[in-house]
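Protein chains in written order, with UniProt numbering: chain V, 1 to 424; chain F, 1 to 424.
Structure (structure tokens):
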């Protein structure tokens with residue numbers, strides 16, 4: 001097997017991972033004198049902020065996924081390869097992948113992060129993560145299947161557990177999926193399941209910290225909590241999950257929650273790639289870099305985004321938050337630095353500009369923070385909508401997502417409640 | 001386990017299968033004095049005429065699938081149950097299902113047909129059927145994965161086999177998928193796979209009969225053949241496939257075709273349900289009924305659509321063609337007859353009115369036959385478009401399918417080329 005990429009005289013930059021960081025990296029190197037290779041295990045880019053809408057049957061997987069090859073049509077000196085990266089060989093300046101060896105002059109690691117189950121095997125086996133489109137499809141299938149099963153379940157306790165949903169993790173993903181499911185419970189399920197008393201279904205949002213949206217201001221947390229409570233979400237703050245046994249979620253305070261659907265959005269861990277020195281791996285599996293995103297102890301190897309941990313930025317002594325914005329800004333800065341190297345110009349250290357944070361609750365509320373400006377409600381939701389529509393790749397996707405949102409805004413009749421599986 | 005359907009004084013009609021026939025059956029019994037139960041193994045209805053567009057990445061599964069529960073919101077005396085039917089117990093007037101026993105007063109079998117591999121295990125294991133949305137998703141994933149593999153395959157013969165596609169079966173499904181894939185080969189693949197010489201990719205359409213679209217007039221066959229040839233499809237007429245060994249399709253004339261993607265649309269077989277007397281099963285596994293759709297040798301059990309074979313209609317001595325129109329007309333007639341029984345009126349035997357047949361080739365051609373009127377080309381395609389848009393369930397689906405078609409008509413840039421799998 002061979003990766004089938006003809007070497008030329010150009011400097012070759014190999015980017016591992018086509019998430020928001022990797023994609024920004026390759027597009028920043030477009031029309032420059034580099035040969036660029038993007039390696040990803042999927043043939044599409046996915047848009048993380050809306051994965052929860054796929055899980056809650058509001059959007060279709062394809063609405064927030066975009067095929068790489070479609071994106072790169074007509075690009076020069078550019079190669080996409082669908083492959084799993086197995087190992088970095090710094091001696092040979094090459095990565096070993098499932099489709100063969102790919103040599104690099106510069107290697108950019110942008111493979112992101114995955115769900116962290118903190119070593120609990122029971123939870124890993126039963127809880128549902130929500131980091132990718134395929135995980136969201138599985139989550140949607142599971143919620144709908146459990147409701148179908150609940151409708152014909154004799155045992156009352158089992159029926160209750162099949163209806164209940166626990167969301168573990170009170171960050172933006174947890175808040176957003178809780179809001180979406182609570183709205184589904186109120187507006188769709190009573191009409192879809194007339195023979196099931198869905199009013200007794202319970203949606204728990206379990207957060208280890210004392211308040212939701214810990215990265216945002218207290219005002220935003222309070223607003224989110226109020227909005228979720230109004231929708232019927234039961235918020236359990238300062239509450240730790242220790243295990244999942246016999247269809248019950250076990251809490252540190254000794255309580256047991258009977259629940260068949262456990263959504264785990266409680267933490268992430270950087271994806272691991274073999275060949276990186278052990279002492280270059282920091283907290284959460286993140287790859288330690290300097291402020292130029294150069295991996296500690298490696299040459300011509302860079303890491304960006306969720307996968308990296310920049311040391312030496314006084315404003316962020318614990319490293320930067322694992323956010324899309326950070327990844328994209330790092331990609332832009334690194335691309336500029338590569339070009340500066342060629343021109344023998346001084347490279348610039350990465351410095352993060354926080355453009356604002358937001359989270360949406362249900363289908364017409366959000367909380368937004370831009371600098372000192374903090375606001376919530378309908379206007380915040382409109383802003384959230386515009387910002388996210390702008391970021392989705394492809395005119396077709398933008399149009400369909402927009403139509404979908406308008407549709408559900410006006411009549412709440414989205415019809416994606418399909419248990420869909422590709423046959424094997 | 002229990003199916004959880006409360007018995008009342010109403011006559012209960014249980015319908016097995018929510019395809020076009022089953023759905024027409026239950027909707028014809030809406031707002032009448034029956035208790036109606038629909039049982040299907042999926043939670044959605046799918047629209048067979050457009051499954052080939054899902055397989056060829058033109059439409060999304062959800063565009064042609066519609067959740068039953070959404071459809072039946074607010075219907076009275078109506079129950080949907082997602083279940084597999086295991087056995088009919090005529091003694092007890094009940095069906096045994098994966099969710100328990102469901103009693104009936106009248107049972108309507110509308111479970112359709114599945115792909116017939118004619119007993120060839122090698123073909124069954126390797127060839128891809130295209131009868132359901134989930135099969136179409138698998139087909140799309142396979143075609144795209146094989147192209148990714150081709151791009152990095154060293155061996156020229158293997159690379160060629162990975163690119164080639166053989167479609168076995170020259171009916172409407174075979175003609176339509178061949179046209180869609182040939183257009184994809186011409187317009188999309190060279191741009192998506194610049195490192196792969198897709199011009200040497202071969203698309204074979206293998207037909208046992210001497211002409212394509214055997215159920216239509218010779219004129220239509222000739223037009224379809226001409227249009228497909230222009231698109232680059234290699235039509236092999238009067239050609240039988242006998243086996244599939246070592247990535248090669250083996251033909252009766254001794255020839256071998258190296259091909260990794262084999263699409264099998266060569267025949268169907270009625271779905272089997274236990275509990276029907278052996279001598280009530282006819283050709284192709286179809287359940288033999290009289291002209292009132294009453295299953296031979298059973299009481300209060302009816303069969304309609306692809307699953308049934310009406311005996312005694314002089315106009316169709318071999319039974320009716322297995323078409324959506326036949327199934328829907330049978331459903332309407334049977335629903336009327338059930339009501340006539342209650343009113344002690346004379347029941348009407350089924351009689352088929354052929355409203356016309358059509359098949360589309362590529363994205364702007366079709367052949368249409370309505371009575372003696374036979375025409376092809378752009379206007380036929382427009383008619384095909386209107387007829388199919390009208391039949392798709394749901395305003396949202398109609399809108400999105402229409403937008404998709406316009407999109408691809410004007411710029412051929414549909415972007416659904418995703419290898420998407422629900423994680424397990």
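Even glycine gets a Cβ: it sits at the ideal position worked out from N, Cα and C.
- Where residue 158 (chain F) is concerned, the enclosing alpha helix (DSSP H) starts and stops at 156–163.
- The beta-carbon of residue 420 (chain V) is placed less than 7 Å from the nearest beta-carbon of chain F.
- Listed as beta-bridge partners of residue 100 (chain F) by DSSP are F:97.
- For the pair residue 256 (chain F) and residue 115 (chain F), the Cα-to-Cα distance works out to about 23 Å.
- Counting along the chain, no alpha helix (DSSP H) covers residue 65 (chain V); the unbroken beta strand (DSSP E) around it starts and ends at 65–67.
- Using a Cβ-Cβ cut-off of 7 Å, residue 73 (chain V) is close to 191, 192 of chain F, given in chain order.
- For residue 192 (chain F), the three-state secondary structure derived from DSSP is helix.
- Inside the region 261–305 of chain V, DSSP marks whole beta strand (DSSP E) runs of 3 or more residues at positions 261–264, 268–270, 287–289, 301–303, from first to last along the chain.
- For residue 34 (chain V), the three-state secondary structure derived from DSSP is strand.
- Contact between the region 125–133 of chain F and the region 315–327 of chain F is not established, with fewer than three Cβ pairs separated by less than 8 Å.
- Ranked by Cα distance from residue 286 (chain F), the options F:125, F:310, F:149, F:301 are led by F:310.
- The DSSP-derived three-state label of residue 406 (chain F) is helix.
- For residue 299 (chain V), no Cβ of chain F is located within less than 7 Å of the residue's own Cβ.
- The beta carbon of residue 84 (chain F) does not come within 7 Å of any beta carbon belonging to chain V, so the residue lies off that interface.
- For residue 206 (chain V), the closest alpha carbon among the candidates V:249, V:188, V:359, V:231 is that of V:249.
- Residue 44 (chain F) belongs to the set of residues whose beta carbon lies under 7 Å from a beta carbon in chain V.
- Under DSSP, residue 374 (chain V) shares a beta bridge with V:369.
- The contact set of residue 81 (chain V) on chain F, defined by CB atoms closer than 9 Å, consists of 148, 151, 152 in chain order.
- In this structure, the alpha-carbon of residue 345 (chain F) lies about 48 Å from that of residue 210 (chain F).
- Between the alpha carbons of residue 253 (chain V) and residue 127 (chain V) lies a distance of about 20 Å.
- Neighbours of residue 60 (chain V) in chain F, taken as residues whose beta carbon is under 7 Å from its own, are 60, 62 in chain order.
- In this structure, the beta-carbon distance from residue 187 (chain V) to residue 4 (chain F) does not fall below 7 Å.
- Under the Cβ criterion (8 Å, minimum of three pairs), the region 61–81 of chain F counts as touching the region 385–402 of chain F.
- Nearest neighbour of residue 332 (chain F) by Cα position, chosen from F:385, F:200, F:351, turns out to be F:351.
- Contact check for residue 266 (chain F) against residue 180 (chain F) fails: the beta carbons are separated by 7 Å or more.
- Shown here, residue 347 (chain F) sits in coil according to DSSP, grouped into three states, outside any helix or strand.
- When Cβ pairs closer than 8 Å are counted between the two stretches, the region 191–198 of chain V is seen not to touch the region 229–245 of chain V, the count staying below three.
- Chain F has a Cβ within less than 7 Å of the Cβ of residue 3 (chain V).
- If you ignore the 5 residues before and after residue 228 (chain V), its C-beta comes within less than 8 Å of the C-beta of 175, 178, 179, 182, 205, 212, 235, 361, all in its own chain and listed in chain order.
- Taking C-beta separations shorter than 6 Å and ignoring five residues to either side along the sequence, the partners of residue 201 (chain V) in its chain run 163, 185, following chain order.
- DSSP, read as helix, strand or coil, puts residue 218 (chain V) in helix.
- When the Cα atoms are used, residue 389 (chain F) and residue 33 (chain V) turn out to be separated by approximately 49 Å.
- Taking CB atoms only, residue 126 (chain V) has no neighbour in chain F less than 7 Å away.
- At least one CB atom of chain F sits nearer than 7 Å to the CB of residue 407 (chain V).
- Assigned with DSSP and collapsed to three states, residue 45 (chain V) falls in strand.
- Less than 7 Å divides the Cβ of residue 220 (chain F) from the Cβ of residue 367 (chain F).
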